[in-house]
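Asks: Sending over a structure as structure tokens; questions will come in a sec.
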Amino acid sequence: MGFLNMGQELQDIKFGDLILSMASAIADSQVKLDMASLNTLKVLAHTKFDFIPDITEVLSPVPKQVFTPQGFITVTGVDVSSTVGDPVQMTLLQAGLTPTFYQFTESDIQIVISLKATVSTDVEVDSGFEFDDTLTAELGFGGGISSFFGGPSGKITNTTHFAAHVNVTTSTKYSYEAQGAATLKTTLKPIAAPARTMPKFISVNAFTTPPQISMS
Amino acid sequence: MAAQMYMVALKGEFSQEASRDVQRRVRNLGGLILMVTRNGPIVMLDDRQAPQLASHPSVRMVGGVALNPNGMAAERLKRIFAQNVSKQLFVARKDGSPIAGSEEQRSGT
């Protein structure tokens, strides 16, 4: 019977399997998230936009004559001419957009198991007895042939009937209830892109001799 | 996580119509368009709305992105984003449409 095996029931719960399935689910999700981030990385690496690297402004003096009550005076004017550099095709990744990577930082698993066993026994006792008492008296007086043998005669009979019964009914009910609930809670946090997934940017500055190479 | 920056990649060849339709969807979901590229827009959107945007028929992928301040044109991108956002905030204030990350958007009203 179940209620006798509650300890066994608890032992039968496969905690190892539960933890393994949770860990597998997290690992699968992590792979999918990483793949999504890598796809974003590809899109960023292939999305180009026109980047204007420089705008040159040249300030040139333009002296002007200004009339005042004291006569004409010379003030320093200025002329600003702007030269917009040729646009350069740059990818969003080069520009500074990076994919967001996510990581499961902590996971909790909670298992609540409720076992309930009840035994109830009902006993019904029905008893009773019946009593019946009968008193019979018979009297006889002489006359006829009886007068030769004596006087009056008599008989008293007392009859008692006694009956008793006992009915006993016993019923036992067993009930067994098992309930289980598992809660999985996990925290997902954005993290910096893993260094191995990001391309290295190698810049060669040809303005200097020899050219300067920098990596980031 | 609330509002995040996403790169939205469009399906197939660039089409003005598909791009505009996706941008409209972003605005309807309370998001903001930070920049539009031929591959798709860069948007700011409440992370709960991202799956809805990803279900748009013209969207191939929605992926979270971050701005690396050391990027070659990070400052320029920031300026472009700020200019585009300010225009949309001005319009949103006028027509009362929800904005990603705002209180009414977070509470789902």
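Line by line, the protein sequences give chains X and D. Using my numbering, count along the first sequence one by one with no gaps and you end on 216. Using my numbering, count along the second sequence one by one with no gaps and you end on 1109. Even for Gly, the Cβ is constructed at its ideal location relative to N, Cα and C. The structure presented is a predicted model; accordingly, all values stated were derived computationally and were not measured.
Mind reading off the beta-carbon distance from K173/X to S107/X? Whole number of angstroms is fine, and I expect it under 8 Å.
Replies: Translated into the one-based positions of the first sequence, residue 173/X becomes position 173. Translated into the one-based positions of the first sequence, residue 107/X becomes position 107. With a Cβ gap of about 43 Å, K173/X and S107/X do not count as contacting.
Asks: On the DSSP letters alone, give me the boundaries of the beta strand (DSSP E) that D108/X sits inside.
Replies: On the first sequence, position 108 is the one that residue 108/X refers to. According to the DSSP assignment, D108/X belongs to the beta strand (DSSP E) that extends over F101 to G140.
Asks: Between D1047/D and Q1004/D, how many whole angstroms is the CB-CB distance? I'm expecting something under 8 Å.
Replies: If you number the second sequence from 1, residue 1047/D lands on position 47. If you number the second sequence from 1, residue 1004/D lands on position 4. Indeed, because the Cβ distance is near 5 Å, the residues count as touching under 8 Å.
Asks: Secondary structure at E1017/D, three-state DSSP: helix, strand or coil?
Replies: By 1-based counting over the second sequence, the position of residue 1017/D is 17. Note: E1017/D maps to helix in three-state DSSP.
Asks: When you check each C-beta in the segment 74–100 of chain X against every C-beta of chain D, which residues fall closer than 9 Å?
Replies: M90, L92, L93, Q94, A95, G96, L97, T98, P99 and T100
Asks: Can you tell me whether S175/X is buried or exposed, with buried defined as 16 or more other CB within 10 angstroms of its CB?
Replies: The residue you call residue 175/X lines up with position 175 of the first sequence. Answer is exposed; the Cβ neighbour count stays below 16.
Asks: Along the chain, where does the beta strand (DSSP E) that runs through N167/X open and close?
Replies: Here the question's residue 167/X lines up with position 167 in the first sequence. Looking at the DSSP string, the run of the beta strand (DSSP E) that includes N167/X is S153 to I191.
Asks: If we define contact as Cβ-Cβ less than 8 Å, is L1045/D a contact residue for chain X?
Replies: Here the question's residue 1045/D lines up with position 45 in the second sequence. False, the Cβ-Cβ gap to chain X never drops below 8 Å.
Asks: Find the nearest neighbour of L44/X within the set F1090/D, V1043/D and A1009/D, judged by alpha-carbon distance.
Replies: Numbered from 1 along the first sequence, position 44 holds the residue referred to as residue 44/X. Of the listed residues, the one whose Cα sits closest to L44/X is A1009/D.
Asks: Check whether the Cβ atoms of K189/X and T105/X sit closer than 8 Å, and answer yes or no.
Replies: Within the first sequence, the letter at position 189 stands for residue 189/X. Within the first sequence, the letter at position 105 stands for residue 105/X. In this structure, T105/X lies closer than 8 Å to K189/X by Cβ.
Asks: Is there a C-beta anywhere in chain X that falls below 8 Å from the one on N1084/D?
Replies: Start at 1 with the first residue of the second sequence, and residue 1084/D comes out as number 84. No, because no Cβ of chain X sits closer than 8 Å to the Cβ of N1084/D.
Asks: Taking the alpha carbon of Y102/X as the reference point, which residue from H165/X, A95/X and L38/X has its own alpha carbon closest?
Replies: Your numbering for residue 102/X matches position 102 in the first sequence. Closest by alpha carbon: L38/X.
Asks: Note down, in chain order, all residues in the segment 1046–1067 of chain D with a beta-carbon under 8 Å from any beta-carbon belonging to chain X.
Replies: M1061, G1063, G1064, V1065, A1066 and L1067
Asks: Between G1040/D and P99/X, is the Cβ-Cβ spacing less than 8 Å?
Replies: Mapped onto the second sequence, residue 1040/D falls at position 40. Mapped onto the first sequence, residue 99/X falls at position 99. No, Cβ-Cβ distance for G1040/D and P99/X is not below 8 Å.
Asks: Can you list the residues of chain D that L44/X reaches, using a CB-CB cut of under 8 Å?
Replies: Against the first sequence, residue 44/X aligns to sequence position 44. The answer, in chain order, is M1007 and V1065.
Asks: Distance cutoff 8 Å, beta carbons only. Does A1120/D sit that close to anything in chain X?
Replies: Residue 1120/D is absent from the model: chain D starts at 1001 and stops at 1109.
Asks: Please classify F1014/D as buried or exposed, where buried requires at least 16 other C-beta atoms within 10 Å of its C-beta.
Replies: Numbered from 1 along the second sequence, position 14 holds the residue referred to as residue 1014/D. F1014/D should be labelled exposed.
Asks: Using a C-beta to C-beta distance shorter than 7 Å, which residues of chain D count as neighbours of N39/X?
Replies: In the first sequence, the residue the question calls residue 39/X occupies position 39. M1061 and G1063, listed in chain order.
Asks: What beta strand (DSSP E) runs, 3 residues minimum, are completely inside the segment 1020–1072 of chain D?
Replies: 1032–1037, 1040–1046 and 1059–1067
Asks: Using a Cβ-Cβ distance under 8 Å, would R1106/D count as near chain X?
Replies: Residue mapping note: residue 1106/D aligns to position 106 of the second sequence, counting from 1. Because the pLDDT of R1106/D is 47, which lies under 50, any placement of that residue in the model is unreliable, and the number read from its coordinates should be weighed accordingly. False, the Cβ-Cβ gap to chain X never drops below 8 Å.
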